[in-house]
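J.: The structure follows.
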Amino acid sequence: LPGIVVPELTIIICTLRRTAFLSDLLSSLLAQSGALPAFEVLVVDNDPAQSARDLVERAASASVPIRYLPEPRPGVSHARNAGVASARGADILFLDDDQRVAPDFLSALWIAWQDRPIHLRGLRVRVEPRRDGQEHPAPHARMVASAQEDYTPVARGDFGTGGLIVQRSLLMDFEGPFQPELGLGGEDTELFLRASARGYHFGHLSSVAVEERVTRARAGLPYLLRAQLRSGLLDAELDVARAESLAHTR
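Structure representation (structure tokens):
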């Protein structure tokens, strides 16, 4: 229809009862400058009470389409899958609701995305942890900033959706594409393994960064030890499932 702009990029933000963080992220996206793609923002609310609806509707901008999508089924996999199914852009950028971006983030990301080697179907930007109220990285951060050069291959342990730009067509090639049965984690790694098995490649984009807010509870050693234990158990579970799948195909 005349006057309707089809977005090139859909930014998917899955959220669950963190409206203060979400508000900061939306404000930073509305402040983007430079040579920008035509983009939309899609907020997927995983709270059955729809706690983010009012915030998203107030943030709606004439220049940047911001859509609200409720997904009451619990679990980030359900939320991400709903976002992928509703996305209108050919490319998708996943951002976490506790992240925020600089005014030149999107223009720098889009230039690097257009210039990437043709074999890369997705890029993971650098994630810089910041403890609330501090400008320097938290001493015990959940994630570390990648030191990889741009476009170097992403390894299994580096993969994640927070700060991932990917072709929507790749995601549509997979059932799910994220697996809700994994519960509270592991869906990122599981998708990476399936994509890698089909010959898809992902790269680092360390020259472009997002900030991730690290609360006091998540900055301490006890949280990190629990997170590492959880990650190890999930990796073992995925390795067993992958081995069983390979055995059945022989």
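According to the numbering used here, the sequence shown is numbered sequentially starting from 1279. Glycine is no exception: its CB is placed at the ideal position from the N, C-alpha and C atoms.
Measure the CB-CB distance between P1407 and V1492 and report whether it falls below 8 Å.
T.: yes
J.: Chain C beta carbons: is any one of them nearer than 8 Å to that of D1375?
T.: No chain C is part of this structure, which consists of one protein chain only.
J.: For the beta strand (DSSP E) that contains R1434, what are its first and last residues?
T.: No beta strand (DSSP E) holds R1434; DSSP gives it neither H nor E.
J.: Compare the Cα-Cα distances from L1371 to each of L1460, G1464, A1313 and E1286 and report the closest residue.
T.: E1286
J.: Quick check: the Cα distance between Y1429 and V1319, rounded to an integer number of angstroms?
T.: 25 Å
J.: What residue from R1399, A1338, P1381 and G1481 has the CA that sits closest to S1311's CA?
T.: P1381
J.: Report yes if the C-beta distance between F1317 and G1367 is below 8 Å; otherwise report no.
T.: yes
J.: Could you tell me the boundaries of the beta strand (DSSP E) in which V1319 lies?
T.: Its beta strand (DSSP E) spans residues F1317 to D1323.
J.: Determine the DSSP secondary structure at T1288, reduced to helix, strand or coil.
T.: In the structure shown, T1288 falls within a strand segment according to DSSP collapsed to helix, strand and coil.
J.: Check whether the stretch 1345-1355 touches the stretch 1375-1392, taking contact to mean three or more Cβ pairs, one atom from each stretch, closer than 8 Å.
T.: No, the stretch 1345-1355 is not in contact with the stretch 1375-1392.
J.: Could you give the DSSP three-state label for E1349: helix, strand or coil?
T.: coil
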